[in-house]
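Student: Quick one: the structure is below, questions incoming.
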Amino acid sequence: MTDLNAGNRGAATGTGDRSRPRAALPALCLTQVTSWGILYYAFPVLNPQITADTGWPTGATTAAFSAALLISALAGIRIGRVLDHQGPRTVMTSGSILGALSILVIATAPNLTVFAAGWLLAGLAMASTFYLPAFAALTRWWAPDHVRALTIVTLAGGLASTVFAPLTAALANHLSWRATYLVLGGILAVVTVPAHAIALNTPWPKAPPPATAHTDSSAASVTRSRPFWMLAASLTLSAFAMYAVVVALVPLLLERGYTTTQAAWALGLGGAGQTLGQTLYATLARHTGVTMRTTALVALGSVTTAALALTPGPYALLVTFSIAAGTVRGNMTLLQATAVTDRWGTTHYGRLSGLLAFPTQLRPGPPARGEARTLKSADPRWKPTSQSCPGGLIGDHELVEYRYAPLMLGISKIDRKVCGEHATHEDPGLGHLCTGGALRARLHR
0 MTDLNAGNRG AATGTGDRSR PRAALPALCL TQVTSWGILY YAFPVLNPQI
50 TADTGWPTGA TTAAFSAALL ISALAGIRIG RVLDHQGPRT VMTSGSILGA
100 LSILVIATAP NLTVFAAGWL LAGLAMASTF YLPAFAALTR WWAPDHVRAL
150 TIVTLAGGLA STVFAPLTAA LANHLSWRAT YLVLGGILAV VTVPAHAIAL
200 NTPWPKAPPP ATAHTDSSAA SVTRSRPFWM LAASLTLSAF AMYAVVVALV
250 PLLLERGYTT TQAAWALGLG GAGQTLGQTL YATLARHTGV TMRTTALVAL
300 GSVTTAALAL TPGPYALLVT FSIAAGTVRG NMTLLQATAV TDRWGTTHYG
350 RLSGLLAFPT QLRPGPPARG EARTLKSADP RWKPTSQSCP GGLIGDHELV
400 EYRYAPLMLG ISKIDRKVCG EHATHEDPGL GHLCTGGALR ARLHR
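Structure (structure tokens):
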């Protein structure tokens, strides 16, 4: 049986400083922001304009976007195997080209069928450019210091909505949604294609020899093992529980009589807690074994989720629980990124991580920091719902998300297109701070 306490030993394998491409880390930070911002966060900002211009049902356009996320999760399994053998350069460069082409198809789609086909291509691009290949590259190149590199890229990736949601909204104020997507597709091509092609142009080193005998296992034997599936089940259930806080906290606080602004602050501070958790993970990893670390974080995720569900107040206590839940989420992001390396080494990192991440990618929203979803306003005609599907919500409703909304109260130029064409009331505390999403609001007339 696999020794689950192998983390500190397995994580110590690596290729050393000499094989690390110096430009890779800053390049991956830049491309994660750009790829997430354009392939993921631009759509919820533009979706109201898309449906208004074309007459396509919101549920259909949202279904196309959600299908892209499902394709991304499925393709990640195969792409992980390619990464193990060939490295990230070809995968991520090709994915960047495909991403730009998919945006071109989406922008010029004459009908809903072509629009959906463009999103299926975008799903393949997501699998080739998002966290999985970046994490695989950093894990092979940076071990045993890979936790630091993973933390930096994760923190950078969390800026995607902060940068591209306002940028997309600003473009949409002056251009059609098609022209906006064409501009964004050009940015994607200009930034990510050369960055991946040049910065990752380093020979892919062989995986280091296993530190202990139990890590010298084939990927097939690991995926058939009980520890692997127990870990997958644990991380999946934990992810769904903890991200239920992200989806349900604002409706919960509104139901308990708090204002929309108070609820948004609570959720936004939870996002700040998530960033804090990511910065603390390296310290936690140095002082705990992998089994203790995993058990403690899963348990804390359950406790903080239950505390928010069962505690009626006061408000300060609920905010404290939200920050604590965010801190756990931030740690869990990096716990999953290092789960394979800590237990089975780096040899099959891509394939095993793709399998391990597949079910957790079906939770609402991406594994980026500061996910904060909330409602447009406190208008009683907006009724929150919490039924979700992979990466989005399917139905004839608007897609709405707030990213660090309370921390961006000074930004007031993101107009009604971001929040949906049906919004008729603006909360003076929130303004127009919608940035991408997976929480729908149903308008009752």
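Following numbering that gives the first Met the number 0 from start to finish, the sequence shown increments by one per residue and tops out at 444.
Each residue gets a CB set at the ideal place from its N, CA and C atoms; glycine is no exception.
Just so we're clear, the structure is a prediction, and the values are computed from it rather than from any experiment.
1. Return the Cβ separation of A449 and A115 in integer angstroms, given the expectation that the two are a contact with Cβ distance under 8 Å.
2. Taking the CB atoms as reference points, tell me whether S71 and A126 lie closer together than 8 Å.
3. I need the DSSP call for D83, collapsed to helix, strand or coil.
4. Rounded to the nearest angstrom, what separates L279 and V113 at their Cα positions?
5. How many whole angstroms separate the CB atoms of T340 and A142, which I take to be in contact at a CB cut-off of 8 Å?
6. State the start and end residues of the unbroken alpha helix (DSSP H) segment that holds Y130.
7. Would L248 and L154 qualify as a contact pair, given that the criterion is a beta-carbon distance under 8 Å?
8. Does the separation of the CB atoms of T179 and T33 fall below 8 Å?
9. When you compare the region 163-176 with the region 42-55, are there three or more beta-carbon pairs, one atom per stretch, that lie closer than 8 Å?
10. Skipping 5 residues on each side, what residues in its chain have a beta carbon closer than 7 Å to that of W176?
11. Should M229 be labelled buried (16 or more other beta-carbon atoms within 10 Å of its own) or exposed?
12. Going by alpha carbons, who is nearest to R285 out of L82, L252, P20, V146?
13. Would G276 and R328 qualify as a contact pair, given that the criterion is a beta-carbon distance under 8 Å?
14. Quick check for students: name the residue ranges of the alpha helix (DSSP H) that lie wholly in the region 160-199, counting only runs of 4 or more.
15. Where does S321 land, buried or exposed, given buried means 16+ other C-beta within 10 angstroms?
16. For T310, is the classification buried or exposed, using 16 other Cβ atoms within 10 angstroms of its Cβ as the cut-off for buried?
17. If you draw a straight line from the C-alpha of R372 to the C-alpha of M331, how long is it?
18. Taking only the alpha-carbon atoms, compute the straight-line gap between L158 and G36 and give it to the nearest angstrom.
19. Tell whether a beta-carbon distance below 8 Å holds between V162 and C28.
20. With N46 as the anchor, note down where its alpha helix (DSSP H) starts and where it stops.
21. Within a Cβ cutoff of 8 Å, which residues of the same chain sit near L187, ignoring the five residues on either side of it in sequence?
22. Kindly indicate which residue of F357, Q31, W55 has the alpha-carbon position closest to the one of S160.
23. Using CA atoms only, rank isn't needed, just tell me which of G269, A324, P226, L268 is closest to S295.
24. Rounded to the nearest angstrom, what separates V244 and T326 at their Cα positions?
25. Could you give the DSSP three-state label for P202: helix, strand or coil?
26. Check each candidate in A315, P226, L120 and name the one with the smallest Cα separation from W343.
27. Return yes when the Cβ of A133 is within less than 8 Å of the Cβ of P20, no when it is not.
28. Do you know how far the Cα of P313 is from the Cα of A59?
29. Is L158 helix, strand or coil when you go by DSSP?
30. Is the separation between the beta-carbon of L253 and that of T260 shorter than 8 Å?
31. Taking the alpha-carbon positions, what's the N110 to R139 distance?
32. Quick one: give me the first and last residue of the alpha helix (DSSP H) that A306 is part of.
33. How big is the Cα-Cα spacing for A315 and A263?
34. Which two residues bound the contiguous alpha helix (DSSP H) that contains G312?
35. G300 and S237 - do their beta-carbons sit closer together than 8 Å?
Tutor: Looking at the atomic coordinates:
1. Residue coverage of the chain in this structure runs from 0 to 444, which leaves residue 449 outside it and unanswerable.
2. In the sequence shown, counting from the first residue as 1, residue 71 sits at position 72. In the sequence shown, counting from the first residue as 1, residue 126 sits at position 127. Yes, they are a contact pair.
3. On the sequence shown, residue 83 is found 84 positions in, with the first residue counted as 1. When DSSP states are grouped into helix, strand and coil, D83 belongs to the helix group.
4. Within the sequence shown, the letter at position 280 stands for residue 279. Within the sequence shown, the letter at position 114 stands for residue 113. Whole-angstrom Cα-Cα distance: 45 Å.
5. For this step, residue 340 is matched to residue 341 along the sequence shown. For this step, residue 142 is matched to residue 143 along the sequence shown. Indeed, because the Cβ distance is near 7 Å, the residues count as touching under 8 Å.
6. One-based indexing of the sequence shown puts residue 130 at position 131. Looking at the DSSP string, the run of the alpha helix (DSSP H) that includes Y130 is 130-141.
7. Within the sequence shown, numbered from 1, the residue matching residue 248 stands at position 249. Within the sequence shown, numbered from 1, the residue matching residue 154 stands at position 155. No.
8. As a working note, residue 179 is residue 180 in the sequence shown. As a working note, residue 33 is residue 34 in the sequence shown. It is not a contact, given that the beta carbons lie outside the stated cut-off.
9. yes
10. For the purposes of this step, residue 176 is taken as the residue at position 177 of the sequence shown. These residues qualify, in order along the chain: L45, Q48, I49, D52.
11. Taking the sequence shown and counting its residues from 1, the one referred to as residue 229 is at position 230. Burial call: exposed.
12. As a first step, residue 285 must be located in the sequence shown, where it is residue number 286. For R285, the closest alpha carbon among the candidates L82, L252, P20, V146 is that of V146.
13. Looking up residue 276 in the sequence shown gives position 277. Looking up residue 328 in the sequence shown gives position 329. A contact, by the Cβ cut-off of 8 Å.
14. 176-198
15. Looking up residue 321 in the sequence shown gives position 322. Buried.
16. Sequence index remark: in the sequence shown, residue 310 carries index 311 (1-based). Classification for T310: exposed.
17. To locate residue 372, count along the sequence shown from 1; it is residue 373. To locate residue 331, count along the sequence shown from 1; it is residue 332. Per-residue confidence for R372 stands at a pLDDT of 37, beneath the threshold of 50, marking its modelled position as unreliable; the derived number appears in the next sentence. Approximately 19 Å, taken between the alpha carbons.
18. For the purposes of this step, residue 158 is taken as the residue at position 159 of the sequence shown. For the purposes of this step, residue 36 is taken as the residue at position 37 of the sequence shown. So the two alpha carbons sit approximately 8 Å from each other.
19. Taking the first residue of the sequence shown as position 1, residue 162 is located at position 163. Taking the first residue of the sequence shown as position 1, residue 28 is located at position 29. V162 is not a Cβ neighbour of C28, given a cutoff of 8 Å.
20. Translated into positions along the sequence shown, residue 46 becomes position 47. Counting along the chain, the alpha helix (DSSP H) containing N46 begins and ends at 41-53.
21. Here residue 187 corresponds to residue number 188 of the sequence shown, with the count starting at 1. Only residues of its own chain outside the window of five on either side were considered, and among them T33, S34, I37, L38, S95, G98, A99, I102 have a CB closer than 8 Å to the CB of L187, listed in chain order.
22. Here residue 160 corresponds to residue number 161 of the sequence shown, with the count starting at 1. Among F357, Q31, W55, the Cα nearest to that of S160 is on Q31.
23. Counting from one through the sequence shown, the residue named residue 295 turns up at place 296. Here residue 295 is Ala; the residue named in the question, Ser, does not match the sequence. Checking every option, the nearest Cα to that of A295 belongs to A324.
24. Taking the sequence shown and counting its residues from 1, one reaches residue 244 at position 245. Taking the sequence shown and counting its residues from 1, one reaches residue 326 at position 327. If you take the alpha carbons of V244 and T326, they lie about 12 Å apart.
25. Numbered from 1 along the sequence shown, position 203 holds the residue referred to as residue 202. Of the three classes helix, strand and coil, the one that applies to P202 here is coil, per DSSP.
26. Within the sequence shown, numbered from 1, the residue matching residue 343 stands at position 344. Ranking A315, P226, L120 by Cα distance to W343 puts P226 first.
27. Indexing the sequence shown from 1 puts residue 20 at position 21. Indexing the sequence shown from 1 puts residue 133 at position 134. Result no, Cβ atoms of P20 and A133 do not sit closer than 8 Å.
28. Translated into positions along the sequence shown, residue 59 becomes position 60. Translated into positions along the sequence shown, residue 313 becomes position 314. Approximately 41 Å between the Cα atoms of the pair.
29. The residue you call residue 158 lines up with position 159 of the sequence shown. Reduced to three states, the DSSP call for L158 is coil.
30. Position 254 of the sequence shown, counted from the first residue, corresponds to residue 253. Position 261 of the sequence shown, counted from the first residue, corresponds to residue 260. Not closer than 8 Å, so no.
31. As a first step, residue 110 is located in the sequence shown; it is residue number 111 there, counting from the start. As a first step, residue 139 is located in the sequence shown; it is residue number 140 there, counting from the start. Roughly 43 Å between the two C-alpha positions.
32. By 1-based counting over the sequence shown, the position of residue 306 is 307. Taken as a continuous stretch (DSSP letters only), the alpha helix (DSSP H) holding A306 covers 289-309.
33. As a working note, residue 315 is residue 316 in the sequence shown. As a working note, residue 263 is residue 264 in the sequence shown. Each residue's Cα considered, the two are about 13 Å apart.
34. Your numbering for residue 312 matches position 313 in the sequence shown. G312 -> no alpha helix (DSSP H), and no H or E assigned at all.
35. Walking along the sequence shown from the start, residue 237 turns up at place 238. Walking along the sequence shown from the start, residue 300 turns up at place 301. For S237 and G300, yes; Cβs fall inside 8 Å.
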